[in-house]
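Notes to accompany the following structure.
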Amino acid sequence: MLKTKWLFLACALQFVLIGAMFVSAYLPIYLGTEVKVIAKGYDPRDLLSGDFVWLDYGVKLKKSIYAEIPLNAEVFVCFERVDKGNFIFKEILTKPPKNQLYIKTKAPKSYFSRLSLGRNIEKYFTTKEKAQEIQNLLAKPNNQAIVTLKVFRGKARIVDLKVESKQ
Numbered sequence: 771m772l773k774t775k776w777l778f779l780a781c782a783l784q785f786v787l788i789g790a791m792f793v794s795a796y797l798p799i800y801l802g803t804e805v806k807v808i809a810k811g812y813d814p815r816d817l818l819s820g821d822f823v824w825l826d827y828g829v830k831l832k833k834s835i836y837a838e839i840p841l842n843a844e845v846f847v848c849f850e851r852v853d854k855g856n857f858i859f860k861e862i863l864t865k866p867p868k869n870q871l872y873i874k875t876k877a878p879k880s881y882f883s884r885l886s887l888g889r890n891i892e893k894y895f896t897t898k899e900k901a902q903e904i905q906n907l908l909a910k911p912n913n914q915a916i917v918t919l920k921v922f923r924g925k926a927r928i929v930d931l932k933v934e935s936k937q
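So, in structure tokens, the structure goes:
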């Protein structure tokens with residue numbers, strides 16, 4: 771009887787943990803602040819990951835800041851509002867900012883490594899045809915990707931991606 775209770779508890783705990791992970795992943799979508807940022811993208815061919823467009827937001831780590839950051843430390847990439855609803859990445863801080871939108875990430879292992887903003891906003895998963903179409907549109911010099919993100923407590927998720935012509 772006692773073993774049955776522990777077995778039931780172990781099974782129930784697994785479902786609770788999976789449910790908590792699911793809720794945590796969707797919190798930015800339901801509770802996050804919507805921001806639109808400009809990105810460049812291309813369509814890599816990856817048999818294991820599926821079809822997606824790899825997005826580059828142009829966030830660079832300055833040498834002066836890199837010297838201050840320990841290896842694999844948390845950094846906070848802050849947003850700055852450009853106009854109504856549109857944002858750019860403003861600065862990278864070593865402490866979480868107050869009253870400002872940010873994405874929490876890890877510092878790269880070397881100065882020449884890219885600063886990853888997280889796989890949830892760097893890969894836009896779609897069909898093979900749609901990914902190729904987005905890449906073809908972004909290859910034209912006057913086009914840019916407008917990525918709509920939802921940001922909540924340092925986590926971000928892609929809500930929408932549109933390709934628009936620069937004005």
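Residue numbers (the working numbering): 771 to 937.
All C-beta atoms in this analysis are idealised placements derived from N, C-alpha and C, irrespective of residue type, glycine included.
I'd like the list of long-range same chain contacts for L885, defined as Cβ closer than 8 Å, with 5 residues on each side in sequence excluded. The residue labelled residue 885 in the question sits at position 115 within the sequence shown. For L885, where only same-chain residues beyond five positions count, the Cβ hits under 8 Å are V829, K830, L831, V845, V847, I862, T875, A877 and P878.
According to DSSP, is G789 helix, strand or coil? By 1-based counting over the sequence shown, the position of residue 789 is 19. Looking at G789 - three-state DSSP - the assignment turns out to be helix.
May I ask you to report which of helix, strand or coil DSSP gives Y800? Stepping through the sequence shown from its first residue, residue 800 is reached at position 30. Y800 falls in the helix class under three-state DSSP.
Limits of the alpha helix (DSSP H) - the one that L907 falls within: Locating residue 907 in the sequence shown gives position 137, counting from the first residue. K898 to A909 is the extent of the alpha helix (DSSP H) around L907.
Tell me where the alpha helix (DSSP H) around I891 begins and ends. As a first step, residue 891 is located in the sequence shown; it is residue number 121 there, counting from the start. That run of the alpha helix (DSSP H) goes R889 to E892.
State the beta-bridge partners of I862 as determined by DSSP. Here residue 862 corresponds to residue number 92 of the sequence shown, with the count starting at 1. Answer is V847, bridged to I862.
In terms of residue numbering, what span does the beta strand (DSSP E) encompassing R927 cover? Looking up residue 927 in the sequence shown gives position 157. K925 to S935 is the span of the beta strand (DSSP E), which, as asked, contains R927.
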